[in-house]
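Quick note: the sequence shown uses this note's numbering, first residue 299, plus one each step.
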Amino acid sequence: MAHVEVRDLTMAYGDFVVQRGLTFTINRGDIFVIMGDSGCGKSTLLRHMIGLQAPQSGQICYSGEDFLLASETARAARLRSFGVMYQQGALWSSMTLSENIALTLEQYTNLGDEEIRELAAIKLALVGLAGFEDYYPSEISGGMQKRAGLARAMALDPEILFFDEPSAGLDPLSSRRLDELIVELQSSLGATVVIVTHELPSIFAIGTNGIFLDAERRTLVARGTPQEMLSAGGDPKVRRFLTRGEMT
299 MAHVEVRDLT MAYGDFVVQR GLTFTINRGD IFVIMGDSGC GKSTLLRHMI
349 GLQAPQSGQI CYSGEDFLLA SETARAARLR SFGVMYQQGA LWSSMTLSEN
399 IALTLEQYTN LGDEEIRELA AIKLALVGLA GFEDYYPSEI SGGMQKRAGL
449 ARAMALDPEI LFFDEPSAGL DPLSSRRLDE LIVELQSSLG ATVVIVTHEL
499 PSIFAIGTNG IFLDAERRTL VARGTPQEML SAGGDPKVRR FLTRGEMT
């Protein structure tokens, strides 16, 4: 069942076209990977999908509704169904982990202070950070900061989770643990997950569907599961990317 449909999307900065004619579907429950070489527009596409940038042309539809043409009220409601985890975690350094999560709940719910604190503790426990509610971001490791960012992204029980390079800067073991956590949370929450990444272990470990953006041709050149993209009949550039240059 289509959860997100991108139709003939063109992204540009003035006269410079980043990507053109992007058309793809993200099914409900997918862990959908946006991949490609550096500078191809992966993060730019993510920003378009969450409403931070407007495309030059095209459509982005959620559950059949055009997000770009929606009313202010409808767009605001749709945005509340998103959870976003930014590349560097983007936690407020002057706030504790609990306060970081509480900020979203204070803005978008009518819950009382005690209920908010309890809910923040639950979200942190879900990502393995029970007992760290009163720690500041500077007092925990990079991997823990990533998990705290994930807890904040889940604050409003979103339908769709967007991750921008979630494993960037992590050691291989921490990266694998984060991948496992994403899969567990997707399964338990029933959310659709959209991930921008170039980390091959993550792509093959958790990706159920995806696309490959080509910086030179400035368009989408492959879609499907990572295994399908790696098939003998697939685009040679995509295969080189997925094999680190060692063609199969």
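No residue lacks a Cβ here, since even glycine has one placed at the ideal position from N, Cα and C. Computed from a predicted structure; not experimentally measured.
Cutting at 7 angstroms between CB atoms, please list the residues of its own chain near residue i, excluding the five before and the five after it.
i      : result
Gly327 : Gly488, Thr490
Ala378 : The question names Ala, but residue 378 in the sequence shown is Arg. Only Tyr406, Leu454 meet the Cβ criterion.
Ser341 : Asp462, Val494
Ala388 : Gly447
What does the alpha-carbon distance come out to for the pair residue i and residue j?
i      : j      : result
Val316 : Trp390 : 31 angstroms
Val481 : Ile504 : 7 angstroms
Ala513 : Gly349 : 22 angstroms
Gln525 : Asn507 : 9 angstroms
Met383 : Gly447 : 6 angstroms
Thr517 : Asp411 : 48 angstroms
Ala300 : Ile358 : 12 angstroms
Ile406 : Asn325 : The question names Ile, but residue 406 is Tyr in the sequence shown. Straight-line Cα distance between these residues: approximately 27 angstroms.
Asp313 : Leu511 : 19 angstroms
Ser485 : Arg475 : 15 angstroms
Arg521 : Leu471 : 28 angstroms
Thr546 : Gly339 : Only weak support is given to the placement of Thr546: the predicted model assigns it a pLDDT of 48, under 50, and the value that follows is read from those uncertain coordinates. If you take the alpha carbons of Thr546 and Gly339, they lie about 27 angstroms apart.
Tyr311 : Arg318 : 12 angstroms
Ile509 : Phe365 : 21 angstroms
Glu284 : Val519 : Because residue 284 is not part of the residues shown, which for the chain are 299 to 546, the question remains open.
Ile458 : Arg538 : 30 angstroms
Thr523 : Leu367 : 30 angstroms
Arg515 : Thr541 : 20 angstroms
Met527 : His496 : 14 angstroms
Met442 : Met393 : 15 angstroms
Ile414 : Tyr360 : 29 angstroms
Ile438 : Phe430 : 9 angstroms
Gln385 : Arg376 : 22 angstroms
Suppose the cutoff is 6 angstroms on Cβ atoms and the five residues either side in sequence are ignored; what does the same chain contact list for residue i look like?
i      : result
Ala418 : Ser396, Ile399, Ala400
Leu307 : Leu320, Pro353, Gly356
Report back the beta-carbon spacing between residue i and residue j to the nearest angstrom; my notes put them in contact at under 8 angstroms.
i      : j      : result
Met347 : Val492 : 7 angstroms
Phe322 : Val304 : 5 angstroms
Ser473 : Pro499 : 7 angstroms
Pro456 : Gly362 : Going by Cβ atoms, the distance from Pro456 to Gly362 rounds to 18 angstroms, so no, they are not a contact pair.
Leu483 : Gly440 : The pair is not a contact, with the Cβ atoms about 19 angstroms apart (cut-off 8 angstroms).
For residue i, collect the residues of the same chain with a Cβ closer than 8 angstroms to its Cβ; drop the 5 residues on either side in sequence, then sort them by chain order.
i      : result
Leu344 : Ile332, Phe460, Asp462, Val492, Val494
Lys421 : Ile399, Ala449, Arg450, Met452, Ala453
Leu479 : Val425, Gly426, Arg445, Leu448
Asp477 : Ser465, Pro499, Ser500, Ala503, Ile504
Ala428 : Ala419, Leu422
Leu409 : Leu403, Leu417
| query | Which ranges would you report for the alpha helix (DSSP H) in the segment 363-414 if only whole runs of at least 4 residues count? | reply | 370-377, 395-406
| message | Using 8 angstroms as the cut-off, can you tell me whether the segment 419-434 makes contact with the segment 461-474, which would need three or more C-beta pairs spanning the two stretches below that distance? | response | no
| query | If we count Cβ pairs, one from each stretch, closer than 8 angstroms, do we get three or more for the segment 347-362 versus the segment 531-542? | reply | no
| field | Cβ pair count under 8 angstroms reaching 3, the segment 325-339 against the segment 369-385 | value | no
| request: Identify every run of the beta strand (DSSP E) within the segment 411-465, keeping only runs that are complete inside it and at least 3 residues long; order them along the chain. | output: For the segment 411-465, whole beta strand (DSSP E) runs of length 3 or above, ordered along the chain, are 458-462.
| In chain order, each alpha helix (DSSP H) run of at least 4 residues that lies wholly inside the segment 463-520 | 470-487, 498-504
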